[in-house]
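Below: one structure, written as structure tokens.
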Ligand code: ME8
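Residue numbers (the working numbering): -10 to 485.
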């Protein structure tokens, strides 16, 4: 692999980001950092950003007596601030209100319209006048799902994209590309949906009488682009452009992983590859849909009002503890239950007892017996006792397995493997009893022991760097090359 391009969804800016949004960006960040270690910083591109058009955002802005663009300018700062706090190492942040994006959306619309993949037709739906919301699917009892008041049936002229024309192509594509959608059960879900249902064409416009905050269609000044059609295109607008022949060029496309939550699978696994195919552009290599963070049995979401602020959690337990918890607690794809008790448990057991303690004890040993200077020694697997040899073997095996697991997107598993080494090494200290070695004046043995110990901890720090970058740095700094620099305790225990 000579380049790696990873994307996250573009989040709506109608409300502040919560743990769910933080999760997607932390997972993507871990991926990006991981790949940078393997193929180099310059070959990795990590894109995130904000989805700013559409009715929801226009409404919230108006409620606050703001122009939509003033409102989104404010909200974007909250996202950027959070990503900075959470150590999200994105390379680019795209806003759908930016000119570079709007120009590409216009070019795409123009190309598709000229090749007759977009046509004008009548559009029917149910409208909630008080909420000013349009519902296209027939709603139960014909009442508004939000406010429960009766809906009115209305019809209007709109533009449609010919999704249906490409259904067979997509099904064929899926048959040939089993890893296009991950995890596998999501792939099966999309495939059987396509087999059992006939796709409707996608309505891609909204009349300006109803919605003004959007990208005007190049072929109709009376309409703006439907927010989903606009937003999906960010993944290509951020990294390339069309030439005068309408051919798309990019150093990064196709994306290697497009990370999303399972809530937006249909848009990414059906609309998106079809739009790209119609444009003569290759689909991304993989759409990965992760599960949901639940709270008290329901999905954490702004509409339910049960959200937890990642800033608060980060402040209370530390950013790396939050990152660790989210990445370790569930394997990517599954839903997870979010609770502070669960965080505290992981914190006290895995971080304070296991990892923090290992680093703390090691530093104290070097401080006490070697006045803080790390004894320099070349150790070989053959020349050491069995327990030391097992640790060296484990260190080497970590290098190999984690490359395999990243291909399966299993961070939780990678972290488990790192913790095996941490636990082995803690046991190593207990079994070897450096205090007795010192008392018995076995200085050479003590030197070997410390070198194995340091090698194990460096390996732990190296492996943790994509997941807990600040902790990894702090461990390496405290250990130093030749001399330890005792820093603050990594994870002081939390009393419950
Ligand atoms: O859907 N658990 O934006 P959005 C896990 N703008 N992840 C969650 C989550 C939860 N409880 N809640 C949200 C949109 N997410 C569109 C996307 S892309 C071109 C346009 C995460 O602000 C998850 O990644 O509603 C989900 O897919 C995304 O936030 C939805 O963000």
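Here a beta-carbon is modelled for each residue, glycine too, at the ideal position from N, C-alpha and C.
- Among the bridge pairs identified by DSSP, residue 326 is matched with 283.
- The C-beta distance from residue 0 to residue 34 rounds to 19 Å, too long to fall under 8 Å, and the pair is not in contact.
- Here residue 132 carries a strand assignment [DSSP, helix/strand/coil].
- Exclusion of the five residues before and after residue -8 leaves 32 as the residues of its chain whose Cβ lies within less than 6 Å of its Cβ.
- Annotation for residue 65: 2, 39 and 84 place their beta carbon closer than 7 Å to its own, counting only its chain and skipping 5 residues before and after.
- DSSP places residue 455 outside both helix and strand once states are collapsed to three, so it counts as coil.
- A residue is called buried once 16 or more other Cβ atoms fall within 10 Å of its Cβ, and residue 176 is buried on that count.
- Under DSSP, residue 119 forms no beta bridge with any residue.
- When secondary structure is reduced to three states using DSSP, residue 6 falls in the coil class, being assigned neither helix nor strand.
- Going by beta carbons, residue 443 and residue 410 fall outside the 8 Å limit.
- Contact annotation, residue 100 with residue 235: C-beta distance approximately 5 Å; criterion of less than 8 Å satisfied.
- The Cβ atoms of residue 312 and residue 456 sit closer than 8 Å to each other.
- In this structure the stretch 226 to 245 lies against the stretch 273 to 283, because at least three pairs of beta carbons, one per stretch, are closer than 8 Å.
- In the structure shown, the three-state DSSP call for residue 278 is strand.
- For residue 49, the enclosing alpha helix (DSSP H) has its first and last residue at 44 to 52.
- With a beta-carbon spacing of about 6 Å, residue 42 and residue 202 fall inside the 8 Å limit used to define contacts.
- Distance from the CA of residue 154 to the CA of residue 268, rounded to the nearest whole angstrom, comes to 13 Å.
- In the structure shown, residue 57 adopts helical secondary structure according to DSSP, grouped into three states.
- Secondary structure of residue 168 (DSSP, three-state): coil.
- If you check the CB distance, residue 86 and residue 58 come in under 8 Å.
- Annotation: residue 223 to residue 339 spans about 39 Å, alpha carbon to alpha carbon.
- Inclusion of residue 214 and residue 140 in the CB contact set at 8 Å is not warranted, their separation being larger than that value.
- Listed in chain order, the non-local C-beta contacts of residue 229 below 8 Å within the same chain comprise 237, 238, 239, 240, 241 and 242, local neighbours out to five positions each way being set aside.
- Going by beta carbons, residue 299 and residue 483 fall outside the 8 Å limit.
- Within the chosen limit of 7 Å, the ligand ME8 reaches the beta carbon of residue 289 through at least one heavy atom.
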